[in-house]
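K.L.:
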Amino acid sequence: MKVLVINAGSSSLKYQLIDMEHETLLAKGLCERIGIDGKFTYKPQVAGKETVNAADYAMPSHVEAIDAVLNALADPKNGVVASMDEIDAVGHRVVHGGKEFAASCLITEESIEGIKKCFPLAPLHNPANLLGIDACRKAMPGKPQVAVFDTAFHMTMPPQAYIYAIPYEYYEKDDVRRYGFHGTSHRYVSARCRELLGNPEHSRIISCHLGNGSSLAAVQDGKSVETTMGLGPLAGVPMGTRCGDIDATILEYLMGRYGWDMKEMMNVLNKKSGVLGISGVSSDFRDLESAAQEGNARAQLALDKFCYEVKKDIGAYAAAMGGVDAIVFTAGVGENGSTTRAAICQGLEYMGVKLCEKRNNERADEHLISTDDSPVKVYVIATNEELMIARDTAALV
Ligand code: ADP
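Residue numbering for the sequence shown follows the working numbering, starting at 4 and increasing by one per position.
1. Give, in chain order, every unbroken run of the beta strand (DSSP E) that is at least 3 residues long and sits entirely within the stretch 292 to 377.
2. When every heavy atom of the ligand ADP is checked, does at least one fall within less than 6 Å of the C-beta of Arg405?
3. What separation, rounded to the nearest whole angstrom, lies between the Cα atoms of Gly355 and Ala322?
4. Check this for me: beta carbons of Lys357 and Thr343, under 7 Å apart or not?
5. Rounded to the nearest angstrom, how far is the Cβ of Leu415 from that of Leu237, given a contact under 8 Å?
6. Using CA atoms only, rank isn't needed, just tell me which of Gly233, Val327 and Gln48 is closest to Pro378.
7. Can you give me the Cβ contacts of Leu213 inside the same chain, cut-off strictly under 6 Å, excluding the 5 residues immediately before and after it?
8. Please report the residue range of the alpha helix (DSSP H) in which Ala164 lies.
9. If contacts are defined as beta-carbon pairs under 8 Å, then Ala105 and Ala71 qualify, I think. What distance do you get, rounded to the angstrom?
10. Could you tell me if Lys17 is buried or exposed, where buried requires 16 or more neighbouring beta carbons within 10 angstroms of its beta carbon?
11. Just tell me which of Val8, Ser293 and Gly325 has its CA closest to the CA of Pro147.
12. Are there 16 or more other CB atoms within 10 angstroms of the CB of Arg366, so buried, or fewer, so exposed?
13. On a CA-only basis, which of Gly325, Ala345 and Arg394 is nearest Tyr382? Give me that one, please.
14. Is there a Cβ from chain D that is less than 7 Å from the Cβ of Arg140?
15. Can the beta-carbon of Ser188 be found closer than 7 Å to that of Val222?
16. When every heavy atom of the ligand ADP is checked, does at least one fall within less than 6 Å of the C-beta of Ala138?
17. Quick check for students: name the residue ranges of the alpha helix (DSSP H) that lie wholly in the stretch 214 to 293, counting only runs of 4 or more.
18. Of all the options Ile169, Tyr191 and Arg190, which has the alpha carbon lying nearest to the alpha carbon of Arg181?
19. Would you report the Cα separation of His370 and Ala85, rounded to the nearest angstrom?
20. Alpha carbon to alpha carbon, how far is Lys314 from Cys348?
21. Taking Ser218 as the reference, which of Ile209, Asp224 and Lys226 has the closest Cα?
22. DSSP state of Phe184, grouped into three classes?
23. For the alpha helix (DSSP H) holding His65, just list the boundary residues, first then last.
24. Excluding the 5 residues preceding and the 5 following Thr396 in the sequence, name in chain order all residues of the same chain whose CB lies nearer than 6 Å to its CB.
25. Could you pull out every unbroken beta strand (DSSP E) segment of at least 3 residues lying fully inside the stretch 19 to 104, listed in chain order?
26. What would DSSP say about Leu196, mapped onto helix, strand or coil?
27. Rounded to whole angstroms, what's the CA-CA distance from Gly82 to Leu28? Just pull it up for me.
28. Does the distance between the C-beta of Ala131 and the nearest non-hydrogen atom of the ligand ADP fall short of 6 Å?
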């Protein structure tokens with residue numbers, strides 16, 4: 004079975020075609036500037052086929068973007084399938100599943116209504132995800148399609164973890180609760196981690212997805228029991244440009260002082276905060292590390308703040324699960340940032356975390372970075388959300 008995986012944003016669309024027989028990637032790429040002018044990138048993973056790099060391709064809407072993708076995949080010269088018929092199913096990333104979706108599902112009229120119901124919870128993301136779904140339904144009528152939700156994995160959280168301490172009626176009437184995100188990534192790396200631990204009956208894993216957006220999840224016996232993001236992806240640890248957890252009083256105070264409306268305030272918290280906000284240098288950890296090395300104190304403070312908050316949450320999640328068997332680092336910073344990983348783990352020796360400096364400085368998609376005698380195993384596991392989406396799609400179809 005060949006599965007096309009689609010991650011549609013408002014003006015971009017990422018895609019991968021995966022052959023599920025051996026889980027091999029056949030091609031991947033990106034449509035950018037949809038609704039503006041249109042740039043198309045196609046990277047076949049089959050020898051002898053040519054790459055297309057940010058070529059001009061008119062994309063007034065997601066429909067033309069999907070056409071570009073299908074044309075490239077089935078192109079007689081550089082395509083990776085003989086015709087579109089070889090694509091058996093399509094899997095879509097959908098950001099918010101609200102209370103509606105605790106698992107991936109086949110796309111039907113009913114599930115589309117469910118995705119629309121979650122629009123108010125993710126006004127930027129879900130409508131864009133649906134544009135991708137609609138475009139595929141137009142281009143490939145009758146082809147089975149599946150939605151995979153970022154929030155679904157966290158629907159196993161107990162009430163004490165997901166409820167906010169505000170009047171209960173807002174949970175009942177307005178669905179205000181912790182949902183959490185990066186669920187597909189946390190599910191993938193924690194499942195892989197359990198395999199590496201030898202599939203024990205009981206396991207307590209802390210999954211650290213540290214990228215531009217970052218979140219941690221406590222995964223007990225394969226189920227998410229706590230996570231740092233909340234109703235939306237602004238909560239938790241500080242991120243590239245997002246503030247993470249802050250005192251709500253700050254909003255009232257700053258809005259009063261500067262006369263901002265809520266939109267302006269949210270723009271500061273989403274786009275100008277996090278490690279960018281503290282450092283004034285960059286949201287990119289590589290830039291921050293170079294600046295800090297050159298003596299930029301605020302870049303160092305931003306890194307220190309990030310590592311401190313991740314470390315605190317690791318401590319909190321060990322408390323929530325009554326201990327921890329393994330910690331997993333994943334995503335851009337988690338997979339590549341050995342200095343950041345070392346700073347996070349430093350001082351956690353009391354709870355049984357012994358990082359091996361040599362292993363931590365080695366580069367691999369998947370490896371143990373704790374010492375052999377470390378009571379808590381620490382792993383780097385490269386995430387693969389697309390493969391997870393493809394697996395769910397294949398299973399449901
Ligand atoms: P997104 O959340 O957008 O998917 P990624 O998971 O790709 O983001 O993570 C991007 C982050 O990873 C950037 O801050 C980047 O600096 C960081 N990163 C990538 N490579 C390295 C590296 N070698 N060392 C430290 N950080 C890195």
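C-beta: ideal position from N, C-alpha, C; glycine also.
Just so you know, these numbers come straight off a predicted model, no measurement behind them.
P.N.:
In this structure, then:
1. For the stretch 292 to 377, whole beta strand (DSSP E) runs of length 3 or above, ordered along the chain, are 329 to 333 and 369 to 371.
2. This structure leaves residue 405 out entirely; the chain is present only between 4 and 400.
3. On the sequence shown, residue 355 is found 352 positions in, with the first residue counted as 1. On the sequence shown, residue 322 is found 319 positions in, with the first residue counted as 1. If I take the Cα positions, the gap works out to 13 Å.
4. In the sequence shown, the residue the question calls residue 357 occupies position 354. In the sequence shown, the residue the question calls residue 343 occupies position 340. No, the pair does not count as a contact, with Cβ atoms beyond the cut-off.
5. The requested residue 415 is not part of the displayed model; the chain covers only 4 to 400.
6. Indexing the sequence shown from 1 puts residue 378 at position 375. Of Gly233, Val327 and Gln48, the residue nearest in Cα terms is Val327.
7. By 1-based counting over the sequence shown, the position of residue 213 is 210. The residues are Ala334, Val336 and Gly337.
8. To locate residue 164, count along the sequence shown from 1; it is residue 161. Bounds of the alpha helix (DSSP H) holding Ala164 are Pro162 to Tyr165.
9. Position 102 of the sequence shown, counted from the first residue, corresponds to residue 105. Position 68 of the sequence shown, counted from the first residue, corresponds to residue 71. Not really, about 34 Å apart at Cβ, beyond 8 Å.
10. As a position in the sequence shown, residue 17 is number 14, starting the count at 1. Burial call: buried.
11. Within the sequence shown, the letter at position 144 stands for residue 147. When Val8, Ser293 and Gly325 are compared, the shortest CA-CA separation from Pro147 is found for Val8.
12. Here residue 366 is taken as the residue at index 363 of the sequence shown, counted from 1. With fewer than 16 other Cβ atoms within 10 Å, it is exposed.
13. The count along the sequence shown starts at 1 and reaches residue 382 at position 379. For the set Gly325, Ala345 and Arg394, the Cα lying nearest the Cα of Tyr382 is the one of Ala345.
14. In the displayed structure, chain D is absent; only one protein chain is listed.
15. In the sequence shown, the residue the question calls residue 188 occupies position 185. In the sequence shown, the residue the question calls residue 222 occupies position 219. No, Cβ-Cβ distance for Ser188 and Val222 is not below 7 Å.
16. Counted from its first residue, the sequence shown places residue 138 at position 135. Because no heavy atom of the ligand ADP lies under 6 Å away, the Cβ of Ala138 does not count as near it: no.
17. Listed in chain order, they are 252 to 261, 265 to 274 and 277 to 282.
18. What you label residue 181 is simply residue 178 of the sequence shown in a count that begins at 1. With distances taken between CA atoms, Arg181 lies nearest to Ile169 out of Ile169, Tyr191 and Arg190.
19. Here residue 370 is taken as the residue at index 367 of the sequence shown, counted from 1. Here residue 85 is taken as the residue at index 82 of the sequence shown, counted from 1. Going from the Cα of His370 to the Cα of Ala85 covers about 38 Å.
20. By one-based count along the sequence shown, residue 314 stands at place 311. By one-based count along the sequence shown, residue 348 stands at place 345. Taking the straight line from one Cα to the other gives about 7 Å.
21. Translated into positions along the sequence shown, residue 218 becomes position 215. In this structure, Ile209 is the residue among Ile209, Asp224 and Lys226 with its C-alpha nearest to the C-alpha of Ser218.
22. Looking up residue 184 in the sequence shown gives position 181. Note: Phe184 maps to coil in three-state DSSP.
23. The residue given as residue 65 occupies position 62 in the sequence shown. Per DSSP, His65 is one residue of the alpha helix (DSSP H) stretching across His65 to Leu76.
24. Residue 396 sits at position 393 when you count from the first residue of the sequence shown. Counting only Cβ-Cβ distances below 6 Å, and skipping sequence neighbours, we find Val6, Ala92, Gly94 and Val149.
25. Taking 3 residues as the shortest admissible run, the stretch 19 to 104 contains the following complete beta strand (DSSP E) segments, listed from N- to C-terminal end: 27 to 35, 42 to 47, 55 to 59 and 92 to 97.
26. Translated into the one-based positions of the sequence shown, residue 196 becomes position 193. Just to set this straight, residue 196 is Cys in the shown sequence, not Leu. Looking at Cys196 - three-state DSSP - the assignment turns out to be helix.
27. For the purposes of this step, residue 82 is identified with residue 79 of the sequence shown, where counting begins at 1. For the purposes of this step, residue 28 is identified with residue 25 of the sequence shown, where counting begins at 1. Rounded to whole angstroms, Gly82 to Leu28 spans 13 Å at the Cα level.
28. In the sequence shown, counting from the first residue as 1, residue 131 sits at position 128. Outside the cutoff, so no.
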